[in-house]
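Asks: Note that this note's numbering has the sequence shown beginning at 47, numbered continuously upward.
For every residue, glycine included, the Cβ atom is placed at its ideal position computed from N, Cα and C.
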Amino acid sequence: MSTQIILPRMLQVGENASHATPTILASLGCRRPLIITDKMMVQLGYAANVQAVLAEQGMQADIFDDTVPEPTVASIQAGVTKISEGDYDSIIALGGGSPIDSAKAISILGKFGGEMRDYKFPRVVTESGLPIVAIPTTAGTGSEVTKVTIITDETTDEKMLCMGVGFMPIAALVDFSLTLSVPARTTADTGIDALTHAMEAYVSKKASLYSDTQALEAMRLIAPNLRRVYHDGADKEAREAMMLGSTLAGIAFSNASVALVHGMSRPIGAAFHVPHGLSNAMLLPAVTEYSIPAASERYADCARAMGVASQQDSDEAANAKLVAELKALNEELKVPTPEEFGIDKEHFMSLLDTMAEQALASGSPNNNPRVPSAEEVIELYKELWA
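(1) Assign residue 211 to buried or exposed, taking buried as 16 or more other Cβ atoms, counted over all protein chains shown, within 10 Å of its Cβ.
(2) Can you list, in chain order, the residues of its chain whose CB lies under 6 Å from that of residue 440, leaving out five sequence neighbours each side?
(3) Rounded to whole angstroms, what is the Cα-Cα separation between residue 340 and residue 311?
(4) Starting from residue 348, trace the alpha helix (DSSP H) in both directions and tell me its first and last residue.
(5) At the level of alpha carbons, what is the spacing between residue 262 and residue 130?
(6) What are the boundary residues of the alpha helix (DSSP H) that includes residue 392?
(7) Rounded to the nearest angstrom, what separates residue 80 and residue 355 at their Cα positions?
(8) Do the segment 317-325 and the segment 276-288 make contact, defined as three or more Cβ pairs closer than 8 Å?
(9) For a test of the three-state rule: what should DSSP assign to residue 294, helix, strand or coil?
(10) Hey, would you say residue 101 sits closer than 8 Å to residue 138, going by beta carbons?
(11) Check each candidate in 105, 142, 146 and name the one with the smallest Cα separation from residue 125.
(12) The alpha helix (DSSP H) with residue 339 in it runs from where to where?
(13) Let me confirm a value: residue 161 is counted as buried when at least 16 other C-beta atoms fall within 10 Å, else exposed. Which label applies?
(14) For the alpha helix (DSSP H) containing residue 131, name the first residue and the last one.
(15) Could you spell out the range, first to last residue, of the alpha helix (DSSP H) harbouring residue 216?
(16) Roughly how many angstroms separate the alpha carbons of residue 166 and residue 205, rounded to a whole number?
(17) Which same chain residues, not among the five before or five after residue 28, have their C-beta less than 6 Å away from its C-beta?
(18) Can you give me the C-alpha to C-alpha distance between residue 184 and residue 337, rounded to a whole angstrom?
(19) Give me the Cβ distance between residue 207 and residue 196, rounded to the nearest whole Å; I'm assuming they're in contact under 8 Å.
(20) Excluding sequence positions up to five away, which residues of its chain have a Cβ less than 6 Å from the Cβ of residue 192?
(21) Tell me, to the nearest whole angstrom, how far the beta carbon of residue 66 is from that of residue 219; I am working on the premise that it is less than 8 Å.
(22) From residue 155 to residue 426, what does the alpha carbon distance come to, in whole angstroms?
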């Protein structure tokens, strides 16, 4: 069986890769980009840096910085309005997963109109919106190389999964120097998110030889460096490894899909506004432990790629070390439990049926080696409070 691989047309990786922005826009025949970002990127001067690099080549770019951490229909609409009012021919998506996800949605709605709900899965979006040059500033979501965006409908708290080649950025400039100022908490959450992408892509029922190679290499890069960047954000070598690992993990899951962790993570994010990477981190140890019996060999491969088990370890021993490592990682990186995050236990328990239903409806759990029933999903949610 063959596998279709979808990637950005241009991928530039390494220190100062973001400086290639004007050259890439010129090669696309674009002269009037809109920078879609968030207020932190403006505050840190990153958006101004991109404007300066463009100005050197005689290009001017306006800024839209009203994206929000978990993009909503309303926040997307504000961007669409900005696009419709200006004569923009392209988008520069600058920031973490949320600005890049926002840019993908704005690119399609800005060109074709309609409502976000019109584009949600199972519809597959093949139309090309405004071309996007994605410049990630966190080593986490891999959104710069995925054909997926997730937008929350704030009226129903539903996280809408939208996918298709139409959401794939035309170029991704993966510049680790932009991650040097990322604070420890964000570094941890996005890093575990990237690790989750790699692991889930590798154990997914949709995995292929191609996605396996990306996922395993991503784990090799991320696992030994995640603690390093958490404790020392200025560690360039570790930042570079994390950035490439995140991109490879994005390529892996974009082509193999995610699984149960992501399926269960989205409802927690939607109901309690937990950042996506953090809700993944909360779930990863319990879901991994639950799933191992159905893919013992694959999870053992993950443990070995991550460097927590050796080739001499049996699969059973490797998997025991994997679960122990995921728990130890959460502890060292101070990943809060739902209770420590401030979620009310009673409220959480009252939403279990709804969250389990939403998790299964997303389709991601079907890719898991062990596909759970609604009852099993509820039990896994309850484990977060054990």
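Replies: Working from what's here:
(1) Residue 211 sits at position 165 when you count from the first residue of the sequence shown. Classification of residue 211: exposed, given that the 10 Å Cβ count is below 16.
(2) Residue 440 lies beyond the stretch modelled for the chain, which goes from 47 to 432, so this question has no answer here.
(3) Here residue 340 refers to the residue found at position 294 of the sequence shown. Here residue 311 refers to the residue found at position 265 of the sequence shown. As the crow flies, the alpha-carbon of residue 340 is around 21 Å from that of residue 311.
(4) Along the sequence shown, one-based indexing puts residue 348 at 302. Judged by DSSP secondary structure, residue 348 falls within the alpha helix (DSSP H) whose first and last residues are 342-351.
(5) Taking the sequence shown and counting its residues from 1, the one referred to as residue 262 is at position 216. Taking the sequence shown and counting its residues from 1, the one referred to as residue 130 is at position 84. Each residue's Cα considered, the two are about 42 Å apart.
(6) Here the question's residue 392 lines up with position 346 in the sequence shown. From DSSP, the alpha helix (DSSP H) with residue 392 extends over 391-396.
(7) Your numbering for residue 80 matches position 34 in the sequence shown. Your numbering for residue 355 matches position 309 in the sequence shown. Approximately 47 Å between the Cα atoms of the pair.
(8) Counting Cβ pairs under 8 Å, fewer than three are found: no touch.
(9) Counting from 1 along the sequence shown, the entry for residue 294 is found at position 248. Three-state DSSP puts residue 294 in a helix.
(10) On the sequence shown, position 55 is the one that residue 101 refers to. On the sequence shown, position 92 is the one that residue 138 refers to. No, the Cβ-Cβ distance between residue 101 and residue 138 is not below 8 Å.
(11) By one-based count along the sequence shown, residue 125 stands at place 79. The shortest C-alpha separation from residue 125 is found at 146.
(12) Against the sequence shown, residue 339 aligns to sequence position 293. For residue 339, there is no enclosing alpha helix (DSSP H), as DSSP marks it with neither H nor E.
(13) Looking up residue 161 in the sequence shown gives position 115. In the assembly as shown, residue 161 is an exposed residue. Its beta-carbon has fewer than 16 other beta-carbons within 10 Å.
(14) Within the sequence shown, residue 131 is the residue found at index 85, counting from 1. It spans 119-131 - the alpha helix (DSSP H) in which residue 131 sits, taken as one unbroken run.
(15) As a working note, residue 216 is residue 170 in the sequence shown. DSSP places residue 216 in no alpha helix (DSSP H); its state is neither H nor E.
(16) The residue you call residue 166 lines up with position 120 of the sequence shown. The residue you call residue 205 lines up with position 159 of the sequence shown. If I take the Cα positions, the gap works out to 10 Å.
(17) Outside the modelled stretch of the chain, which goes from 47 to 432, sits residue 28, for which no answer is possible.
(18) Locating residue 184 in the sequence shown gives position 138, where the first residue counts as 1. Locating residue 337 in the sequence shown gives position 291, where the first residue counts as 1. For residue 184 and residue 337, the distance between alpha carbons rounds to 28 Å.
(19) Working through the sequence shown from its first residue, we reach residue 207 at position 161. Working through the sequence shown from its first residue, we reach residue 196 at position 150. Indeed, because the Cβ distance is near 6 Å, the residues count as touching under 8 Å.
(20) Counting from 1 along the sequence shown, the entry for residue 192 is found at position 146. For residue 192, where only same-chain residues beyond five positions count, the Cβ hits under 6 Å are 296, 300.
(21) Position 20 of the sequence shown, counted from the first residue, corresponds to residue 66. Position 173 of the sequence shown, counted from the first residue, corresponds to residue 219. That pair is a contact at about 6 Å.
(22) For the purposes of this step, residue 155 is taken as the residue at position 109 of the sequence shown. For the purposes of this step, residue 426 is taken as the residue at position 380 of the sequence shown. So the alpha carbons of these two residues sit roughly 37 Å apart.
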